[in-house]
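S.K.: Residue numbers (our numbering): 3 to 466.
1. If the criterion is Cβ atoms closer than 8 angstroms, does the pair residue 174 and residue 156 meet it?
2. Going by beta carbon distance, what residues of the same chain come within less than 8 angstroms of residue 96, once the five residues before and after it are set aside?
3. Output the residue ranges of the alpha helix (DSSP H) runs that lie fully inside the segment 378 to 410 and measure 4 residues or longer, sorted by chain position.
4. Assess contact between the segment 353 to 373 and the segment 387 to 399, defined as three or more Cβ pairs (one per stretch) separated by less than 8 angstroms. Is contact present?
5. To the nearest angstrom, how far is the alpha carbon of residue 122 from that of residue 34?
6. Would the beta-carbon of residue 2 fall within 8 angstroms of that of residue 417?
7. So what does DSSP say about residue 261, is it helix, strand or coil?
8. From what residue to what residue does the beta strand (DSSP E) around residue 435 run?
9. In the DSSP assignment, find the unbroken alpha helix (DSSP H) run with residue 431 in it and report its ends.
10. Using 8 angstroms as the threshold, is the C-beta distance between residue 348 and residue 422 below it?
11. DSSP three-state call for residue 305: helix, strand or coil?
12. Quick one: grab the DSSP three-state call for residue 23.
13. Classify residue 218 as buried or exposed, calling it buried when 16 or more other Cβ atoms lie within 10 Å of its own Cβ.
14. Within the continuous alpha helix (DSSP H) that includes residue 453, where are the two ends?
15. My parser needs the beta strand (DSSP E) runs of 3 or more residues fully inside the segment 223 to 260; what are they?
16. How far does the beta strand (DSSP E) with residue 278 in it extend, from its first residue to its last?
17. Please report the Cβ distance between residue 443 and residue 466, rounded to the nearest whole angstrom; I am assuming they are in contact, meaning their Cβ atoms lie under 8 angstroms.
18. Could you please give the first and the last residue of the uninterrupted alpha helix (DSSP H) stretch that includes residue 155?
19. Between which two residues does the alpha helix (DSSP H) harbouring residue 360 extend?
20. Which whole-angstrom value is the C-beta distance of residue 202 and residue 138, which I expect to be below 8 angstroms?
21. Which residue wins for smallest C-alpha separation from residue 458, given the options 52, 186 and 260?
22. Is the beta carbon of residue 113 sitting closer than 8 angstroms to the one on residue 148?
23. Does residue 103 come out as helix, strand or coil in the three-state DSSP assignment?
24. Using 8 angstroms for Cβ pairs, my map puts residue 144 next to residue 199. What's the rounded Cβ distance?
25. Do you know offhand how far residue 310's Cα is from residue 379's?
26. Let me know if residue 100 comes out buried or exposed under the rule of 16 or more other beta-carbons within 10 Å of its beta-carbon.
27. Could you tell me the distance, in whole angstroms, from the CA atom of residue 412 to the CA atom of residue 419?
28. Buried or exposed: where does residue 388 fall if 16 or more other Cβ atoms within 10 Å of its Cβ makes it buried?
29. Return yes when the Cβ of residue 283 is within less than 8 angstroms of the Cβ of residue 61, no when it is not.
30. Reducing DSSP to helix, strand and coil, say where residue 40 ends up.
31. Once you ignore the five residues that flank residue 238 on each side, which residues in its own chain have a CB closer than 7 angstroms to its CB?
32. Identify the continuous alpha helix (DSSP H) that holds residue 177 and give its terminal residues.
33. Taking all protein chains shown into account, decide if residue 176 is buried (16 or more other Cβ within 10 angstroms of its Cβ) or exposed.
34. Out of curiosity, what's the CA-to-CA distance linking residue 91 and residue 142?
35. Determine the contact status of residue 343 and residue 261, defining contact as a CB-CB distance below 8 angstroms.
36. Does the CB of residue 70 have a neighbour CB from chain D at under 8 angstroms?
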């Protein structure tokens, strides 16, 4: 056990280096992973593989939230937190030349960890089936984080620019090699790599895999369903979502399954949440130094217009700040970013509607709503939504996703895919700046620090 503890500590230190070191890290010391037992311990490191610290951009660039000017100024009161106001206000650059890019770092650190596990496995000569299972787990984690990166920093799949050189992010498959290229691949190349990793994992993994912080076949199918949704391949998205739901379709009833917390009701912790198929969580939207947190200051008018503030129990996860009256995230609410039953149900609903069965789509939407609204409201069938055609069912599915994931940042990805794949025409305005639908500005600016330390290999996203 001492050896394993040393391995984990070494990797934690290595993975917290600056972003230019993410392919230039070499484990030092005597405690280097060399057995399947070692790899099992590394894969069990939920802190490194299951905590997503890079969600600041998706959480701040969408139309579910509103931060008043006074709060923006407060958020920008120090250099270390300037990036929050910069992101929200859609500044041309979010970070200065010495600040680390939180999203870039977090995702590439996890990718580097997965790459290390795969390299260790390559060096183990064994016929033990655990070897392929562990490789599958690492590939699911790697695919998930590449999917986050390419949708934050790349133009969206399906746009003409997605085939342009450098339109995506660097595909790095080695843990430590000074000679490896870190030039940006195309968006299409990154998507193809993600799909290959997930298909490999699906073939190797068991349906369930102990706990939800260890990827399973259901988890790989769920990630793949979301990938295909973002490609506009609704048949494959539906097939994979339904295959994952055939393994786990458990829903919590928010009337009886929530836990009482200080000031608000909360979900069970992710590791204990039966809705969670692949745990990728964080407890706050954006972190300030010294333990200070800001989530968001209020619901946007657009979200309020489609929400039932009296009966929708999902709003229990937010509360009014005692002084300002602004809406903030409950301090005890850990929201899920990975693969969940609700996410898969809403993928299923949207894809059913898009492939011709809008009646079945509405049944799925209403199944979710029956578990999310106040009991007497549901008993009166007041939660039920109806659709006269596929377009109405699609709209209900998308709106339900806005309500279900209103504080998670999922809306950022959805705006990009709906504009690129479905010409939805969704723009976003902050002050005098507007991101027009399918503007190249939807590919977020990369930190100057990342660019400056890449030896000219990483090129900045153009701005309009």
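Even for Gly, the Cβ is constructed at its ideal location relative to N, Cα and C.
M.R.: With the structure as the only source:
1. no
2. 59, 85, 88, 89, 103, 446, 447 and 449
3. 392 to 406
4. Output reads yes: the segment 387 to 399 touches the segment 353 to 373.
5. 9 angstroms
6. Shown here, the chain extends from 3 to 466; a query on residue 2 therefore has no answer.
7. Secondary structure at residue 261: strand, using DSSP grouped into helix, strand and coil.
8. 435 to 437
9. Segment 430 to 432 is the beta strand (DSSP E) holding residue 431; no alpha helix (DSSP H) there.
10. no
11. helix
12. Low local confidence applies: a pLDDT of 48 at residue 23 is under 50, so the model's placement there is unreliable, with the coordinate-based value given in what follows. Reduced to three states, the DSSP call for residue 23 is helix.
13. Buried is the call here.
14. 450 to 454
15. The segment 223 to 260 contains no whole beta strand (DSSP E) run of 3 or more residues.
16. Start and end: 278 to 280.
17. Sure, about 5 angstroms apart at Cβ, within 8 angstroms.
18. 132 to 155
19. Taken as a continuous stretch (DSSP letters only), the alpha helix (DSSP H) holding residue 360 covers 360 to 372.
20. 7 angstroms
21. With distances taken between Cα atoms, residue 458 lies closest to 186.
22. yes
23. coil
24. 6 angstroms
25. 11 angstroms
26. exposed
27. 11 angstroms
28. exposed
29. no
30. helix
31. 230
32. Unbroken run through residue 177: none, as it is neither H nor E.
33. exposed
34. 33 angstroms
35. no
36. Among the chains of the structure shown, chain D does not appear; only one protein chain is present.
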